[in-house]
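K.L.:
In the numbering used here, each residue carries its 1-based index in the sequence shown increased by 3.
No residue lacks a Cβ here, since even glycine has one placed at the ideal position from N, Cα and C.
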Amino acid sequence: MTNLRYVVVEGPIGAGKSSLAKRLAAHWNAHLLAEEPDANPFLPRFYRNMTHHGLAAQLSFLLQRADIARSMLSGDMPAPVVVSDFMFEKDALFASLNLDEEELALYRRLAVSVMPEHPVPDLVIYLQASESVLLERVAARATDYEMNFPEGYLKRVHAGYSEFFHQYDSAPMLIVNTDHLNLVDGDEDFELLLRCIGEMRGQRSYFNKSV
């Protein structure tokens, strides 16, 4: 697969999407479009009390992404190639996980009003990992508020991603099992991934390194 202009790296919390997106952007001399969770003032409160602060956290992310979508559609990017560590559909996925029925209905009404028709990636790299590996990675890097995940939340996120990407067909997708990969500073694994991207054909491919 060549002539990539917009690549998205996605996966559940702890999959390594931000680190890989940063490395790919540097390798391709591309613009890194990264999530800014610290810019969401409601996120720490959300992790302390998801019921009370879920809607505010989701709407804050929605407005952030709407601004980014408008910038992309206007061509206001500092480089011709963009690598992102999130996809715009992520907001709706987390809204369905975090909001009750009435809040979700309100969120969807507002999303229709504020979110422009966002660009479709040339390639989505979906990072998978087992729940035990995700938990280990989150514990190793966790911010203060991530230490407050309620029991079972990461499992629900993991299941939500699996269901979403099982049905996703809007863009070509490379599904990468990261349980035995070091894509952050492992040169051999990173080169294997680049080769897999270059050789990819069709709408869906898989990269699973055996041990």
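DSSP on glutamate 13, reduced to helix/strand/coil?
P.N.:
Within the sequence shown, the letter at position 10 stands for residue 13. Glutamate 13: strand per DSSP, three-state reduction.
K.L.:
Should valine 86 and alanine 28 be called a contact, given that it needs their Cβ atoms to be closer than 8 Å?
P.N.:
Numbered from its first residue, the sequence shown carries residue 86 at position 83. Numbered from its first residue, the sequence shown carries residue 28 at position 25. Yes.
K.L.:
Can you say whether threonine 181 is buried or exposed, counting buried as having 16 or more other CB atoms within 10 angstroms of its CB?
P.N.:
To locate residue 181, count along the sequence shown from 1; it is residue 178. It counts as buried.
K.L.:
Shortest alpha-carbon distance to serine 21 belongs to which of Pro83, Ala142, Leu186 and Cys199?
P.N.:
Sequence index remark: in the sequence shown, residue 21 carries index 18 (1-based). Closest by alpha carbon: Leu186.
K.L.:
Does the Cβ of histidine 161 have 16 or more other Cβ atoms within 10 Å, making it buried, or fewer, making it exposed?
P.N.:
Numbered from its first residue, the sequence shown carries residue 161 at position 158. Answer is buried; the Cβ neighbour count reaches 16.
K.L.:
With leucine 113 and leucine 62 assumed to form a contact (beta carbons below 8 Å), what rounded beta-carbon distance in angstroms separates them?
P.N.:
Here the question's residue 113 lines up with position 110 in the sequence shown. Here the question's residue 62 lines up with position 59 in the sequence shown. Contact flag correct, Cβ pair sits at about 7 Å.
K.L.:
Could you have a look at tyrosine 209 and say whether DSSP puts it in helix, strand or coil?
P.N.:
Translated into positions along the sequence shown, residue 209 becomes position 206. Strand at tyrosine 209.
K.L.:
Please confirm whether alanine 69 and valine 117 have their CB atoms less than 8 Å apart.
P.N.:
Along the sequence shown, one-based indexing puts residue 69 at 66. Along the sequence shown, one-based indexing puts residue 117 at 114. Yes, the pair counts as a contact, with Cβ atoms nearer than the cut-off.
K.L.:
Could you check the C-alpha separation between serine 135 and serine 74 for me, to the nearest Å?
P.N.:
Within the sequence shown, the letter at position 132 stands for residue 135. Within the sequence shown, the letter at position 71 stands for residue 74. Using only the alpha carbons, I get a separation of about 38 Å.
K.L.:
Determine the direct distance from the alpha carbon of leucine 126 to that of isoleucine 71, and round the result to whole angstroms.
P.N.:
Looking up residue 71 in the sequence shown gives position 68. Looking up residue 126 in the sequence shown gives position 123. Rounded to whole angstroms, isoleucine 71 to leucine 126 spans 18 Å at the Cα level.
K.L.:
Quick one: what does DSSP say valine 179 is sitting in, helix, strand or coil?
P.N.:
Against the sequence shown, residue 179 aligns to sequence position 176. Three-state result, valine 179: strand.
K.L.:
Answer with buried or exposed for glutamate 154, where buried requires no fewer than 16 other C-beta atoms within 10 angstroms of its C-beta.
P.N.:
As a first step, residue 154 must be located in the sequence shown, where it is residue number 151. Counting the other CB atoms within 10 Å of its CB gives glutamate 154 a total below 16, which places it among the exposed residues.
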